[in-house]
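Numbering (the numbering used here), first residue to last: 1314 to 2285.
Below is one structure, written out as C-alpha cells, with a few remarks after it.
So this is what it looks like as C-alpha cells:
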C-alpha cells in the first residue's frame, strides 16, 4: 500500500481529484478537514481540550457542540486563537491518520491511502507519506472558482491566497504535479498516466473495522509473547519529573508497553543535580511500582541518562593497525571504540583544570571511520591493514554520576546502561538521514538545556547550559506569591489557556491573562535562548546552524522557538518542537498517551540500550568501593590498574639478577621468580584475567619478589667438565681445571657475585703438569708435545700428548707462566671436550691474561686444586689428609718413555697447496699438521690463525683423514 498526501492552493479543484480517486481506484481517501470535525465532536479526542480553551468565547452551544460560524469568525479575527486551535486539533488529526494508515497496511486490502490536507507541507507530512501530490491551477482560475462555488469576495480571496504557501514551495516539496486548469478529462488522464487504469474494488467499512481489531489483537499477542528479559526499562530522572518507560523493540521501531510520569514532591533536584538522594529514590520507587502494576512482573535493571551538568567532551582520533591485512569484525570496532574512550580519558586526566573533579565517561559517539586512512561510512566486513575513527567522548563529574547511581540503587534497581540526555534525545529526534545537515538539537528540561550538533552525517559536539524551565517558574513564584508547584502549573496553563486561575499562599484566588504571565517570563526566556544560541555557535565554530529542533517540556513555553530562531539568525520555520512527528515508529499500548516533546528523551534512553550498552559497574576492591566504566570485557586486572596498583604488585617479580663476565663475554643470571598475586572474587579463588562481575567483592594479595640470583662456578657451562685430560708417556692423566675470579684462583663452589670477571683455565704448562703429578722431569732429555720438541713453558690442552723422561718423584719446581708463555698462548688451541671444535678466537680471549707473581699464583693454584678435591671427597663421605692428597688417576709407577706398539697409519694431505704425508700415528687431529710443516706459531703482529679443513673453519682437535685439504694462515 502506498501512502500519498495531496495538497494545493484553495480553489485548485482538489475535491474533484479526490472523488475521482475514490470512485476509480482501490483506495482509501481521507480528508483532513472532515477528520478534524469528527475529532472535535462531543466525546471525541479534542472536545474536552477545546472546551477548556474556548468555552468562554461563545463557541459552544448548550449541547456542548461547536458553533462553526462563531469559531470561524474568532480564529479569523484573532490569529493567536487560530494557532491555539491548531495546536490542539492538528496533532490529534495526525495521530488518527497514522492509526488509520497502520490499520489499512495491516489489512492489506487497498492499494493506496490518500490524505488531503491544506497544511500538508506545514505539518511535515512529507516525513510520513511515500510521496506528495500538488494539485495546481492558475490564480485566475482559482479566483473564478471561489467566486462561483462559494461566493467569496475579492477581499476574502486575497486574504486566503496571501496566507498560503508560494507556488515555488509547493512544486519543490511535491513529487507529482497535477495540472487542473483544464477540463476534468485532462486531469483524469494525468492520474491514469501516473497510477495506471483504475479498478473499482470498494472495501466495506466493516472489513476495515475487522482489520483494526486484528491489529489490536496482534499487538496484544506480541506483548504476551515477550519475556521479561526482552523488555527494557528506561528512567528519565529530570529536575522536575521522573518519567519511566517500559517497552520492547519491534521490526518497525519500538513499542511502549507502559509509561508513568511523576513529579518530585519537593525540589530534590536542582539544575540536573540530585540534592536529596532519599526523596529522588522515593519518586523512582513509586514510578517503578506503578509500572510493575501495569506490566505484571518485577523490574530489576534500568537504563538512565545524565544531564550535562559540568559536561566535558574530548574529541580525539584513534588508530589500530593489524599485523597483516584482516577482515574487520564488529569486535574490532568495539575494541577501537574502547581504545578511543581510554585515550580521551587520558587526555582529560592530563588537564590541570580538571583536577578538582574525578570524571566518568557517560557516553561516546563515533564521528567518522577511516579504512587505511581513507574516510569510510562503515568498516565491518572490509579488509584492512589499519582502521581509525574520530570519536567524541563525554564525561561528567563523579558527584553527578554517584548521585544518580545511589538514588537508583536505593529503589532496588541496578543500572544496566547509562548515557547522556542529548545522546538519548538525538536517537529519536534526529534520525541518521538528517545528520548530514548542520542541525542543533536542544533538550530543554527543568534544570538544564542540553545541546547536540550534527553535520556531515555525524554528531560533532555536545554542550550544556544550566538554565531551563525552572528559571521561568522561579520568576512566577516571586511575582504571584505562590509556591513552586503552583507557579509551575501557572507556567503550563499559560501556554494553552487565555486566562490562568490560581490561589496565592494567602488562599486568595486570582485570574490573570496569559499575556501577563508571558510578560513576566519572556525576559528570562530570552536570556535562556540567548545563552543556548551562544553555546550553539560556540560549538559550531562561531557560526549558526541551518536549523534547530527543540525537545523537552521547557521548550514548550510561549515564544521559545521563535526567540531562539531570532538569536540564531535563522527563519522561524527552521526552529521547531519535535514530538509526534519523530515518533511514527513508536507504538503506545496506552491509548491516553499523547506524543509530545516530553517523551523524546525517555524513549531515546530505552533505544540507546540497544545501540551501546556502555555502563558502570560497582565493586568492592580490597575493602574500597569502586565505580568502573564497563566496556563489556572488564577483568579483575583492569580494576586493579584503575585502582592505581602498580603492575609489579600484581605479577610475580624475579629477584635481583647478577651480571658477570666469563672469558671476557658478558653474562647474566636471572633471579628466582616470586609468587603470583592471590585473587579472590566473592570468596572464590580466581585469576587476574577473570571477568569482573558487577557488585562483586574482590580481594587481592599482592605478588612477591623472588630471591636474588645465585650461581656457583661449577655450574658454568665452561666448567661442565671440570677436568682436563692429557696423555703422558702413553697413560691418561686427569687434572683439575683452574678458574680465576678477578685475578684470584677460586674453587668450583665459589658463588658468583655482581661484576665478577671469571677466566677459566683449560690448559696447563708442561711444568705445571709435572708439578701436579709430583714428578721430576729429566731436563737433559727432550720433552715432546704432540711430536714437537717443547719445554716446561709449553701450553698443553685437552688430549695433548706429552712424552718426557722422569727421574723421580717430588721436588719438581713448578714453572710459572712467563711473559713469553702469555704471548704464545694467543695462538694456542682452546680446550676441546669430547671432540667439539674450538675456535682460535676463543683461545685468544681465555688465555691472554697478565702474568702474576709466581709464588702467589702457584700457592693459589695448588690450594684451589686440593680444596676442591677435598670438598668433593668429604661430600662423598670419605676422609682425606690434605698433606697426603693424591689424584686418583695419577700413575703410581715411574714415568718412562715406553715403546710405541700402536699401528701407524699413513695419510696424504694438501696443506696450503702442498702435499704432505703423515705416518707416525694411527689417528690424526688438526694440530698434528704443525709437526710436518714450517709454520712459526710464535710470530708476532697478527690477530690470530685461520684454520680450515676442506674450506670449512675447524678447531685444533678436529680429526683428519686421507685426502683432506688444509689451510693455515695468519689473520691480519
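Glycine residues also receive a C-beta, built at the ideal position from the N, C-alpha and C atoms.
| Query | Result |
| --- | --- |
| Identity of the residue in 2085, 1886, 2076 and 2121 nearest residue 2092 by Cα | 2121 |
| Residue range of the beta strand (DSSP E) that includes residue 2051 | 2051-2054 |
| Three-state class that DSSP yields for residue 1881 in the structure shown | helix |
| Same chain, Cβ closer than 6 Å to residue 1799, five either side skipped, listed in chain order | 1815 |
| Identified DSSP bridge partners for residue 1455 | In DSSP, residue 1455 forms no bridge with anything. |
| Coil, strand or helix - residue 1503 by DSSP | helix |
| Meets three-Cβ-pair contact criterion under 8 Å: the region 1835-1845 and the region 1749-1766 | yes |
| Cβ neighbours of residue 1280 in the same chain (closer than 7 Å, five flanking residues each side left out) | A query on residue 1280 cannot be resolved here, the shown segment of the chain reaching from 1314 to 2285 and no further. |
| Which listed residue (1635, 1832 and 1477) has its alpha carbon closest to that of residue 1322 | 1477 |
| According to DSSP, residues forming a beta bridge with residue 1826 | 1812 |
| Sub-8 Å separation of residue 1618 and residue 1734 beta-carbons | yes |
| Span of the alpha helix (DSSP H) around residue 1573 | No alpha helix (DSSP H) holds residue 1573; the beta strand (DSSP E) holding it covers 1567-1576. |
| Among 1632, 1608 and 1398, nearest to residue 1363 - alpha-carbon criterion | 1398 |
| DSSP beta-bridge partners of residue 1991 | 2014 |
| Three-way DSSP call (helix, strand, coil) for residue 2265 in this model | strand |
| For residue 1435, the three-state DSSP class (helix, strand or coil) | coil |
| Coarse secondary structure for residue 1731, derived from DSSP in three states | strand |
| Beta-carbon spacing of residue 1625, residue 1708 below 8 Å | yes |
| Short Cβ contact (8 Å threshold) for residue 1674 with residue 1902 | no |
| 7 Å Cβ shell around residue 1333 - same chain, five flanking residues per side excluded | 1501 and 1504 |
| Any non-hydrogen atom of the ligand SAM within 7 Å of residue 1689 CB | Among the ligands in the structure shown, none appear at all, so the ligand SAM cannot be discussed. |
| Beta-carbon proximity of residue 1987 to residue 2018, cut-off 8 Å | yes |
| Where residue 1360 sits in the DSSP three-state scheme | helix |
| Best match in 1794, 1755 and 1767 for proximity to residue 1779 [C-alpha to C-alpha] | 1755 |
| Residue 1724 versus residue 1598: straight-line alpha-carbon distance, rounded | 5 Å |
| Burial state of residue 2103 (16 or more Cβ within 10 Å) | buried |
| Boundaries of the alpha helix (DSSP H) in which residue 1310 is found, first to last residue | Nothing about residue 1310 can be read from this structure; the chain reaches only from 1314 to 2285. |
| Any alpha helix (DSSP H) of 4 or more consecutive residues that is wholly inside the region 2062-2117 | 2079-2086 |
| Where the beta strand (DSSP E) containing residue 1980 begins and where it ends | 1978-1982 |
| Beta-carbon gap between residue 1866 and residue 1776 smaller than 8 Å | no |
| Per DSSP, cross-strand counterpart(s) of residue 1756 | 1763 and 1864 |
| Reduced DSSP category for residue 2038 - H, G, I as helix; E, B as strand; rest coil | strand |
| Rounded straight-line distance, which links the Cα of residue 2053 to that of residue 2135 | Note that residue 2135 scores a pLDDT of 39, beneath 50, so its modelled location is shaky; the value from the coordinates is reported in the next line. If you take the alpha carbons of residue 2135 and residue 2053, they lie about 15 Å apart. |
| CB of residue 1600 within 8 Å of CB of residue 1555, strictly | yes |
| Sub-8 Å separation of residue 2046 and residue 2086 beta-carbons | yes |
| Between the CA atoms of residue 1548 and residue 1770 - distance to the nearest angstrom | 28 Å |
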